[in-house]
Each structure stands twice: as C-alpha cells, then as structure tokens.
Amino acid sequence: MSYKVRLEAFEGPLDLLLHLIHRLEIDIYDIPMAELTVQYMDHIRAMQVMELNEASEYLVMAASLLAIKSKMLLPIHEGEVDDLDLQMEGQDPRDELVSRLIEYKKYKEAAETFQELEQTRAQYFTRPPSDLTDLQHISQLSFFDDSLNVYDMLGAFQKMLRRNVLKAPLTTKIARQELSVKDQMQSVFHTLKKRGGRCSFSDLFPVHDKTTLVVTFLSILELMKRQYITVSQQNNFEDLDVQLLIEKWEDESLETVDE
Amino acid sequence: MKQLMSKIESLLFVTGDDGLTIKQLEIITEEHSKDLIGAIKALQNDYASSGIRGIEIKELAGTYQLISKKENAEIIQKLVENPTNQSLSQASLETLAIIAYKQPITRIEVEDLRGVKSERPLHTLVAKGLIHEVGRAEGTGRAILYGTTNEFLNAFGLMNLQELPPLPDEVVDSEDDGQTDLFMTKFQETFRDQQD
Amino acid sequence: MKQLMSKIESLLFVTGDDGLTIKQLEIITEEHSKDLIGAIKALQNDYASSGIRGIEIKELAGTYQLISKKENAEIIQKLVENPTNQSLSQASLETLAIIAYKQPITRIEVEDLRGVKSERPLHTLVAKGLIHEVGRAEGTGRAILYGTTNEFLNAFGLMNLQELPPLPDEVVDSEDDGQTDLFMTKFQETFRDQQD
Numbered sequence: 156m157s158y159k160v161r162l163e164a165f166e167g168p169l170d171l172l173l174h175l176i177h178r179l180e181i182d183i184y185d186i187p188m189a190e191l192t193v194q195y196m197d198h199i200r201a202m203q204v205m206e207l208n209e210a211s212e213y214l215v216m217a218a219s220l221l222a223i224k225s226k227m228l229l230p231i232h233e234g235e236v237d238d239l240d241l242q243m244e245g246q247d248p249r250d251e252l253v254s255r256l257i258e259y260k261k262y263k264e265a266a267e268t269f270q271e272l273e274q275t276r277a278q279y280f281t282r283p284p285s286d287l288t289d290l291q292h293i294s295q296l297s298f299f300d301d302s303l304n305v306y307d308m309l310g311a312f313q314k315m316l317r318r319n320v321l322k323a324p325l326t327t328k329i330a331r332q333e334l335s336v337k338d339q340m341q342s343v344f345h346t347l348k349k350r351g352g353r354c355s356f357s358d359l360f361p362v363h364d365k366t367t368l369v370v371t372f373l374s375i376l377e378l379m380k381r382q383y384i385t386v387s388q389q390n391n392f393e394d395l396d397v398q399l400l401i402e403k404w405e406d407e408s409l410e411t412v413d414e
Numbered sequence: 006m007k008q009l010m011s012k013i014e015s016l017l018f019v020t021g022d023d024g025l026t027i028k029q030l031e032i033i034t035e036e037h038s039k040d041l042i043g044a045i046k047a048l049q050n051d052y053a054s055s056g057i058r059g060i061e062i063k064e065l066a067g068t069y070q071l072i073s074k075k076e077n078a079e080i081i082q083k084l085v086e087n088p089t090n091q092s093l094s095q096a097s098l099e100t101l102a103i104i105a106y107k108q109p110i111t112r113i114e115v116e117d118l119r120g121v122k123s124e125r126p127l128h129t130l131v132a133k134g135l136i137h138e139v140g141r142a143e144g145t146g147r148a149i150l151y152g153t154t155n156e157f158l159n160a161f162g163l164m165n166l167q168e169l170p171p172l173p174d175e176v177v178d179s180e181d182d183g184q185t186d187l188f189m190t191k192f193q194e195t196f197r198d199q200q201d
Numbered sequence: 006m007k008q009l010m011s012k013i014e015s016l017l018f019v020t021g022d023d024g025l026t027i028k029q030l031e032i033i034t035e036e037h038s039k040d041l042i043g044a045i046k047a048l049q050n051d052y053a054s055s056g057i058r059g060i061e062i063k064e065l066a067g068t069y070q071l072i073s074k075k076e077n078a079e080i081i082q083k084l085v086e087n088p089t090n091q092s093l094s095q096a097s098l099e100t101l102a103i104i105a106y107k108q109p110i111t112r113i114e115v116e117d118l119r120g121v122k123s124e125r126p127l128h129t130l131v132a133k134g135l136i137h138e139v140g141r142a143e144g145t146g147r148a149i150l151y152g153t154t155n156e157f158l159n160a161f162g163l164m165n166l167q168e169l170p171p172l173p174d175e176v177v178d179s180e181d182d183g184q185t186d187l188f189m190t191k192f193q194e195t196f197r198d199q200q201d
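Protein chains in written order, with the working numbering: chain F, 156 to 414; chain R, 6 to 201; chain A, 6 to 201.
Quick look at the structure:
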C-alpha cells in the first residue's frame, strides 16, 4: 500500500499524519499506532531533499510516534486490558497526539475558509479616496494621529499597493494600445505650437518607453512627408531642430494616414 | 430621506476605501444613526434592485464602504495586471487562521499548534499588514503577542472579528457526544498550563 | 444597455480620479464607442433626474470620471473639516511609509507612487518633525530629497531603520516563489531606473 506523495505538499508532520489517517481511513479516535508509524516512516524515508530545519520536525514526530507505539505495548497492570478500558481511563498514550491532530485540523479547515473569503473579496473593488486637498484649510496641515505605529504604516502601504494593482495596466497596457501615429502627430503638433513653432528633436521624446518612442518617430516622419514640419541640423552631432510649417491643425487631413 | 441617501452616496464615494463609520456619518450629516442606517438600507436595496447600478455598500473593517458590484468582477479584473498574485500560501493562511481565532498569541504557540516553524509565514503576514504586535507576553523572554489588523478585515471582507466564520469544531460541538469535548478540555488545560 | 451602464459605473468607480477614456472603455468592454457614449449619456440622465444619487459623470479632455454631486459640495466640505476624517491621516501615513522605506526620495517620486498630489502630507510630516530634507537630487531642478528623522524612530519605537518590518516584496512567501507580486517587481525596476 505504498504510493508516491510529494512531501513539499505538506505543512509539517501533523499535516502528513492527517493525510495518512484520511488515506488509510483510520478512525482518529482509535489510531492503529503500528500501521500509522510504518506509513509515516516510509514517507519520511521517501523525502529526498529537505531542509535540515524542517527535517528535524518530521524526525521529532517520528520519535514520538515510536514512543507512543512502545508505551502501548507495555501492560498497565497485570492481567489483560482491552482497548476500551484503556481509553476509558483517559491514560491512553495516544491522547496527546490525537488532541494535537484535532486541534490542528480545525485551523487547517479554517485556513480553507479563509481562502474562500479571500476569493470572494477578490470579486469586488473599492476606489481610492478622492483628492480633497483643495478643500482643506491650511490649519489642517498639522493633522496627524500620534497613536499610529509601524504596523499602521505597513497597513497604509499595503492598501496603496492594492489600489495600484488597478492602476498599473491603465497607464501601461491600455495607454500603449491606444497610442496611434495619428494621435501622436497631433501631440507633436501641439508641443511645437506651445513652444512657438520650434523645438529641438529630443524635446519631442519626453517619455522613455519604447512603444512611445517608435510611434513618435513614425509620426514625425509622417509630418515631414506632409510638409507640416521641417527638420534641420546646424552642425554635425548637434541636436536636430524641428520647425512647424503650418498654422492650424485640421483633423480631416489625417483621413489618409495608415495605421 | 432621498436627500440623505444622496449625501451618504457622495460621502462614501469620496472617502473610497477609507470608508466612514456610523459615528462619523452622524457627526458630518448631523442625523441620527437610526435614520442613517435606514437610508443606507434603502440605498442598498436600490443598488440591488436597479439593473443600472454598478456599485454596492459593504461593511468593511468597521466602516461603510462603496464597492463595485460583484457581478461586474470579470470586467474590472481586466484592469488588474496579475489577479492571482495576491493570494496567500497555505502556510500563511494556516498561521493567519490560528492568529485570528486565538489572538493575542505568541509565535511559539502558533508553532506548537502547527507543529512546524512559522517564522516565514509570520513575516509575510506582518509585511502584508495583516497581523501586528499587540503586546508582550508575561514571563521570561516577553515574547511578542500577535493579533490581526484592520487591513486583515479589509482584505478578507469582514466587518469585525465577530464576523469570523465559526471554527469547524465549534459547530460540531453542539451535536457531538462529548468525546471531542474530553479531548478538547484536556488540550485546553495543557495549553493553559503552557501559557502560565 | 442597462448592463452596459452598470459595467461603466463599476469601471469609472474603481478607476477613481484617473477615470477612463472612451478608447479605454472600448478596449475593456469590447463595445462600440457609439453605444458607450449612449450608455454614458443615459447614466448622466439617471444621475441628474434621480434624487437619490450622490454622484455624477464629469468629462474632462476626453476622460470620463465619476465625481460627487455638486449639490452635495457642502457636506463634502464638512467631511474635510471633520477632525475624525481618516483620509487625511491615511494620506500622511502612506506618504510616511513610502519615505521610510524608499528614502532618500523626492516629492515627485512619492507622488508617482501614490498616484496623487502629496504636498500637503509632506508638509504635515515635516511640521511634525517626522521627515526632513536630507539632500538634493542630481539633475535639473535639484529637487529636495526627503528622509525620516530621529524623531520618527522615537515616535514609532524603533532603534534604527533596520528595525522596520520588511515590506511584502522583501519577504518570500514559501509557496509564492516565482510568482511574487509582478507589480512590485515591475515597480522596483522602474524605480531603479529613475534613480540611475
């Protein structure tokens, strides 16, 4: 009755024992110690690589299993004692192990409930508080709860991270997808217009993200082709100079831009 | 009533995930808690019955908060980069469960219960703001006592600790024949002894 | 239509002050902009005609965002002036957390992280003596670099900065290996780039 199990799948000796008890269909209140100990030892042996730290916990349990097993072989008093008597006396050497297993099982099951709670919680989202600083009076600047501690700070940080999980793709993934040559041509036009119709080539690339760089470059080429702008260079290795040639932007003129 | 509902919606909207307690709502709106609770219930009904609404009111960590409608979870998740990375490991969940039900509790007590070293999950839980130091144990060493935080209630969608689902054992107890009780009593005695 | 309205309300709700453009809504909902605009108009009508609603939709430079109803401005002002308002201390606390863990850091970097203007909380923290200027950033502008003070260590009962509990990304949850917070990794990369 041997089967392979990954020991990393267990949270420790108690977890392994519960697994074996379930697997062997053992009554937890009447554990056949010999059988369980053999099975447990088999599993310990099957452990290939294990951190010393963790191994010691499994070994300590192995030792106590053996101790319980041998105690059960000792006669309590002369004459025969059946299992029932043994239990009724409350002196069963298995008692402590059984109560530990039952107690652990409780929290193992509670952990499953927690996981469900966590999953349910993932179904809904809150929103960051609105920025109300414009409504604040100067006198409120110094408001700070003095009773706060390091853990409150961690909590605040965690809340921020949870909030930012939603924000990250908004500024990256989606923003990138929507960036078109057409839009970027217009943005280049506006940048030039704001600067009085002239600026250096590098000023048109404030964002250091690859997609934006490529799209901006393509849009500049398109603007040059349409003679909306002209690009010149005074001396070798100097920054390029970009000059606007048109006064007004007309959306209709973009109908023919290939995306 | 309608006006109060509108005010509450505005207030809960701007406070976002900070939320507001009934006390705070009382102070700000200058209304009685009874009326406020009535208006909140009416809002909840309105959110639930109208097919148009995309929000709900939820009691989280002692405050009322607006949340997105659960039915729309799928579409909102499109905004999330990596929806699964939030969940805790088995070790952390076990440790958290023990702390939630047994708080205040020391690391050693957690480890006795789990039968394994639990430093790592404890660090993870502290770092995630789910548990914190709530005091020091009496006696030598003055070990740190851990308890759960408001962030824990927030992260697991609970109003308060009383809302924790009952432990499996406590449910069974009522209909059980006392056999478990015997073990439990013994265990608790042992446990108490260790604490002393 | 009703369902689309509900989805839009949910999406605009969770994106907060950032809001969403029609293009972003198109990508997320996979609906045509015509239908989206129709649904937004219908929502706007509903918000305006219903006395219960405390929110409205604002369009600014092609971005739609939910805001609290203008009629309720007075109550929002009361919220801001209420000393038990958590948001204010929450903002300070967040800012302080960022500075404690990421110091030395400029205001701009703090704001990038928080996603909101942070002048006020910075002033509060400086006034409280919890943070101070520790130097100037290289490059144009020579922005102020902030760090925590000894007073901060005192107030939070720390011997030194090494005693700060580790952040989630610095603790490896036993089973999480490999799939640890993708966002945090990305965030740290960006952060490192900015520092270079």
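Note that beta-carbon positions come from the ideal geometry of N, C-alpha and C, so glycine has one too.
Check: Stretch pair the stretch 101-110 of chain R + the stretch 38-53 of chain A: three plus CB contacts closer than 8 angstroms; Outcome: no
Check: Proximity of serine 38 (chain A) and isoleucine 27 (chain A) at Cβ, strictly below 8 angstroms; Outcome: yes
Check: Continuous alpha helix (DSSP H) stretch holding lysine 260 (chain F): start and end; Outcome: 250-276
Check: Interface positions of the stretch 25-45 of chain A facing chain R (Cβ-Cβ less than 7 angstroms), listed along the chain; Outcome: Ile33 and Thr34
Check: Sequence-distant residues of its chain with Cβ nearer than 7 angstroms to tyrosine 69 (chain A) (five each side left out); Outcome: Leu17, Gly24, Leu25, Ile45 and Ile62
Check: DSSP-derived helix/strand/coil call for aspartate 396 (chain F); Outcome: strand
Check: Delimiting residues of the alpha helix (DSSP H) encompassing isoleucine 27 (chain R); Outcome: 27-34
Check: Sequence-distant residues of its chain with Cβ nearer than 6 angstroms to proline 126 (chain A) (five each side left out); Outcome: Ala96, Ser97 and Thr100
Check: is_contact[valine 19 (chain A), chain R] using C-beta, thresh 8 angstroms; Outcome: yes
Check: Inter-residue Cα distance where the pair is threonine 111 (chain A) and histidine 128 (chain A); Outcome: 13 angstroms
Check: Residues of its chain near leucine 256 (chain F), where Cβ-Cβ distance is below 7 angstroms and the 5 sequence neighbours each way are ignored; Outcome: Leu169, Leu172, Leu173 and Ile183
Check: Threonine 145 (chain R) classed as buried or exposed, judged by whether at least 16 other C-beta atoms fall within 10 angstroms; Outcome: exposed
Check: Leucine 166 (chain A) to tyrosine 195 (chain F) span [Cα, whole Å]; Outcome: 46 angstroms
Check: Contact under 8 angstroms by Cβ, leucine 179 (chain F) with glutamate 166 (chain F); Outcome: no
Check: The alpha helix (DSSP H) enclosing lysine 12 (chain R), as first and last residue numbers; Outcome: 7-20
Check: Cross-chain neighbours of proline 170 (chain A) in chain F, by beta carbon under 8 angstroms; Outcome: Val305, Tyr306 and Leu309
Check: Host alpha helix (DSSP H) of threonine 211 (chain R) (start-end); Outcome: With chain R covering 6 to 201 only, the question about residue 211 (chain R) has no answer from this structure.
Check: Arginine 141 (chain R) versus proline 170 (chain R): straight-line alpha-carbon distance, rounded; Outcome: 27 angstroms
Check: Under 7 angstroms from the C-beta of leucine 272 (chain F): neighbouring residues of chain R; Outcome: Phe161 and Gly162
Check: Contact belief for glycine 162 (chain A) with isoleucine 136 (chain A) at Cβ below 8 angstroms, rounded distance in angstroms; Outcome: Wrong, their Cβ atoms sit about 17 angstroms apart, outside the cutoff.
Check: Span of the beta strand (DSSP E) around serine 61 (chain R); Outcome: The sequence shown places glutamate at residue 61 (chain R), rather than the serine named in the question. First-last of the beta strand (DSSP E) with glutamate 61 (chain R): 60-65.
Check: Status (buried if at least 16 other CB within 10 Å, exposed otherwise) for valine 369 (chain F); Outcome: exposed
Check: C-alpha gap between glutamate 273 (chain F) and glutamate 267 (chain F), whole angstroms; Outcome: 10 angstroms
Check: Chain A contact for phenylalanine 165 (chain F) (CB, 8 angstroms cutoff); Outcome: no
Check: Alanine 218 (chain F), buried or exposed, once every other Cβ within 10 Å from all chains shown has been counted against 16; Outcome: exposed
Check: Between the CA atoms of leucine 30 (chain R) and alanine 47 (chain R) - distance to the nearest angstrom; Outcome: 16 angstroms
Check: Neighbourhood of leucine 316 (chain F) by C-beta distance below 6 angstroms, restricted to the same chain and skipping five residues each side; Outcome: none
Check: Of the residues A:Ile80, A:Pro109, A:Tyr52 and A:Gly59, the one placed nearest alanine 148 (chain A), counting alpha carbons only; Outcome: A:Pro109
Check: Buried/exposed call for lysine 7 (chain A), threshold 16 Cβ in 10 Å; Outcome: exposed
Check: Cβ of glutamine 8 (chain R) within 8 angstroms of any chain A Cβ; Outcome: yes
Check: Cross-chain neighbours of tyrosine 195 (chain F) in chain R, by beta carbon under 7 angstroms; Outcome: Result: empty, since nearest Cβ-Cβ is about 13 angstroms, beyond 7 angstroms.
Check: Residues that DSSP places opposite arginine 141 (chain A) in a beta bridge; Outcome: A:Ile149
Check: For serine 38 (chain R): DSSP bridge partner residues; Outcome: Serine 38 (chain R) pairs with nothing; no bridge assigned.
Check: Contacting positions in the stretch 53-66 of chain A - beta carbon closer than 8 angstroms to chain R; Outcome: Gly56, Ile57, Arg58, Gly59 and Ile60
Check: 8 angstroms contact criterion, which lysine 261 (chain F) and leucine 172 (chain R) should meet: CB distance rounded; Outcome: 5 angstroms
Check: Contacts around threonine 154 (chain A), its chain only, beta-carbon distance under 8 angstroms, and the 5 residues preceding and following it disregarded; Outcome: Gly134, Leu135, Ile136 and His137
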